[in-house]
Every structure is written in C-alpha cells, then in structure tokens.
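A.B. asks: In this text, residue positions in the sequence shown follow the numbering used here: the first is 143, and each later residue adds one. Glycine residues also receive a C-beta, built at the ideal position from the N, C-alpha and C atoms.
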Amino acid sequence: MDSAFTERNVNEGFSGGEKKRHEILQMELLKPKFAVLDETDSGLDVDALRIVAEGVNRIKDSNDIGVLLITHYTRILKYIKPDFVHVFVAGQIAEQGGAELAERLEAEGYDRYVKA
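1) Is the CB-CB distance between I166 and G197 below 8 Å?
2) Drop a sphere of 10 angstroms on the beta-carbon of D183, count the other beta-carbons inside from all chains shown, and report buried for 16 or more, exposed for fewer.
3) Apart from the five residues on each side of it in sequence, which residues of its chain come closer than 7 Å, Cβ to Cβ, to E248?
4) Considering L210, what are the terminal residues of the beta strand (DSSP E) in which it resides?
5) Looking only at its own chain, which residues have a Cβ that is under 7 Å from the Cβ of K173, when we skip the five neighbours before and after it?
6) May I ask which residues mark the beginning and end of the alpha helix (DSSP H) holding G240?
7) Nearest-angstrom Cα distance between Y255 and P224?
8) Please say whether L211 and I222 have beta carbons closer to each other than 8 Å?
9) Find out if the Cβ-Cβ distance for the pair F226, G240 is shorter than 8 Å.
10) With DSSP run on the structure shown, which of helix, strand or coil describes D144?
11) Which residue marks the beginning of the beta strand (DSSP E) containing A177, and which one marks its end?
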C-alpha cells in the first residue's frame, strides 16, 4: 500500500478503488472469521476489480475466513470463484447452486424470478 495513504484522513479524498483496497487491507489486519462484502465490485474499473479480488483471494487462501459476497453482477466472479451461489427474491432464497448458476443468471437474467 502506498505510504501516502498514511497522510490522509480515513476515507477522505480516496477514489472508489482506493476505498475498496482500504477495506481489503482492514480485512488483512483484523483477520475476521467472517466478512460480508456487499457490492465490492461497485464502481471499480477492471484493474481495481482485479486488485481487490486478488486481495480477497489472498485473505481467503491464507486464513480460516468465511466470505459472503453480495453482488448483482458476475464480473467479480471471474476473479473470485464462489463455493455457493444463492438467488434472493423478497428476502427468501429462490434458488441455490454453484458457479454455474451465476453463469446462467448472467446469460438469462432474473426475469424467471419476477412474478408478472
């Protein structure tokens, strides 16, 4: 991490990608047993997405940590491979499966879960 970060106030003047990398650094330092990553891919360009995903994977691989990754888009799943995929509709699990479910959702969309 760039040493210039130490001269800034927390979350002030950071870009979206810098804030996300800061969150990953916090995970590495705090070593939680469980992390909820809500829309971690939001607002990231492809390079920042890759860097953040590499950080998440590094933490997952080197620690005994559970990660709940919440996303509406599958682009982050090119870098972070899920063990399980769950589709929630109105707060309930509508379908669950593996990575293939995410791929199917990307191809077909969510229309099948929306009642007319």
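C.D. replies: For this structure:
1) Going by beta carbons, I166 and G197 fall inside the 8 Å limit.
2) Within a 10 Å sphere around the beta-carbon of D183 sit 16 or more other beta-carbons, which makes this residue buried.
3) T216
4) Looking at the DSSP string, the run of the beta strand (DSSP E) that includes L210 is G208 to I212.
5) Closer than 7 Å at Cβ, skipping near neighbours: N205.
6) Boundaries for G240: no alpha helix (DSSP H) harbours it, and the DSSP string shows neither H nor E there.
7) 21 Å
8) Note that the C-beta distance between I222 and L211 is below 8 Å.
9) yes
10) coil
11) F176 to D180
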